[in-house]
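In short: position in the sequence shown from 1, add 144, done, that's my numbering. All C-beta atoms, glycine included, are put in the ideal place defined by N, C-alpha and C. Right, one structure below, let's go through it.
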Amino acid sequence: MLAFLLLVLTAFMPLAPTSRGPLRVVSVSQTLAKMTDNSAYFEALVATKLESMLDGPGGKPYPNISVFAPTNEAVKRLKTGGMAYLFAKGQERKLSSVLSFSMVSGATQQLALSDGQVLHTTHGGMNLHVVQRGGRTWLTGGTAEPLELKVKPIVCDNGSIYVIDEVLLPLARFAEAPVK
145 MLAFLLLVLT
155 AFMPLAPTSR
165 GPLRVVSVSQ
175 TLAKMTDNSA
185 YFEALVATKL
195 ESMLDGPGGK
205 PYPNISVFAP
215 TNEAVKRLKT
225 GGMAYLFAKG
235 QERKLSSVLS
245 FSMVSGATQQ
255 LALSDGQVLH
265 TTHGGMNLHV
275 VQRGGRTWLT
285 GGTAEPLELK
295 VKPIVCDNGS
305 IYVIDEVLLP
315 LARFAEAPVK
């Protein structure tokens with residue numbers, strides 16, 4: 145019983161540097177950079193300089209941001225489905241607009257999502273909506289069909305990453321909305 149109590153108490157103690165050096169902060173951007181199944185999404189973030197939104201000023205993690213990161217397969221389907229122009233040189237503004245629709249201000253844990261909740265994207269023109277039924281969670285908004293969140297988010301020091309199997313697309317009338 146005493147061992148259990150000590151375990152519980154130490155779980156709530158603040159972390160401090162150890163003899164091996166300071167604790168390493170792992171941001172959403174740093175985590176995405178290492179995810180091989182989402183490399184096409186991260187490359188697009190770099191091309192549009194949106195990864196700096198995830199890192200924040202001076203490379204310090206931007207506080208509280210959640211990213212719905214499509215898989216490489218989802219990006220490939222987008223490119224072959226008539227949206228390849230977004231990835232062409234000179235189209236960074238349009239691509240940035242699409243990518244910003246997959247980023248939400250505020251870290252959201254899947255268990256904290258609630259039915260009817262509105263997630264404010266960094267897109268500035270559109271939001272995502274949470275729908276929950278029978279223990280399952282979906283996102284709606286933009287042009288995509290409801291997108292089920294099938295896996296738990298990857299928790300980072302400054303937010304969360306949800307791996308999704310589609311690219312979230314804003315409605316065409318918002319495609320040129322300013323990025324906040």
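- DSSP, reduced to helix, strand and coil, places glycine 285 within a strand of the structure shown.
- Boundaries of the beta strand (DSSP E) harbouring methionine 247: 247 to 249, taken from the DSSP string.
- Excluding sequence positions up to five before and after asparagine 216, its CB lies within less than 7 Å of the CB of Asp181, Asn182, Ser183, Ala184, all in the same chain and listed in chain order.
- Secondary-structure assignment with DSSP links asparagine 271 through a beta bridge to His264.
- The residue among Gly234, Gly260, Ile298, Lys223 with its C-alpha nearest the C-alpha of leucine 313 is Lys223.
- Our two residues, alanine 218 and valine 295, have alpha carbons roughly 16 Å apart in a direct line.
- Leucine 189 and glycine 278 have their C-alpha atoms roughly 34 Å apart.
- Distance from the CA of lysine 238 to the CA of asparagine 271, rounded to the nearest whole angstrom, comes to 18 Å.
- Per DSSP, valine 211 is one residue of the beta strand (DSSP E) stretching across 209 to 214.
- Rounded to the nearest whole angstrom, the C-alpha separation of serine 196 and valine 248 is 14 Å.
- If you draw a 10 Å sphere on the C-beta of tyrosine 229, you find fewer than 16 other C-beta atoms in it, and that means exposed.
- In the displayed model, valine 299 falls within a strand according to three-state DSSP.
- Only residues of its own chain outside the window of five on either side were considered, and among them Ala188, Leu189, Thr192, Leu194 have a CB closer than 7 Å to the CB of leucine 243, listed in chain order.
- Under the three-state reduction of DSSP output, valine 311 falls in the coil class, being neither helix nor strand.
- In the three-state reduction of the DSSP assignment, leucine 176 falls in the helix class.
- Counting only the Cα atoms, lysine 233 lies some 24 Å from glycine 268.
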